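The structure appears right after this line, and notes come after that.
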């Protein structure tokens, strides 16, 4: 703390200068007043497919669907992976269930595909 004497013997106490204000400006300069920070609310993490592992996901699902579908499996796999990486894991599972109910793929491949989806799931 620094104290100074002014004309009529009254003391003025200056606040100790910190940070960038130490060497600049008048000696009675005040440190900046900080604004109160807003409290941030953490968003709830959702389950997504790992975007870095898209190639592996496509490979394993392609192996599972090898004997099920002929030429139309690539759009199905792509949509399944994209929904899982961008929207949520549940969106890709819902898409898989709609394709099973439409009869595009059979019910017996549901569990292996869900195992692949579960294995490559991350929270973001």
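Residue numbers (this note's numbering): 15 to 138. Every residue, glycine too, gets a C-beta built ideally from N, C-alpha and C. Remember, it's a predicted structure, so these values are computed and weren't measured experimentally.
- CA-to-CA, the gap between residue 81 and residue 59 works out to about 36 Å.
- For residue 121, the CB contacts under 7 Å within the same chain, skipping 5 residues up- and downstream, are 114 in chain order.
- Collapsing the DSSP output to three states places residue 135 in a strand.
- The alpha-carbon separation between residue 56 and residue 138 amounts to approximately 12 Å.
- DSSP, read as helix, strand or coil, puts residue 79 in coil.
- Runs of beta strand (DSSP E) with 3 or more residues, each lying fully within the segment 44 to 98, are found at 61 to 63, listed in chain order.
- Note that the segment 121 to 133 touches the segment 68 to 88; at least 3 beta-carbon pairs, one per stretch, sit closer than 8 Å.
- Around the beta carbon of residue 131, a 10 Å sphere encloses 16 or more other beta carbons of the protein chains shown; the residue is thus reported as buried.
- Only buried fits residue 71, as 16 or more other CB atoms lie within 10 angstroms of its CB.
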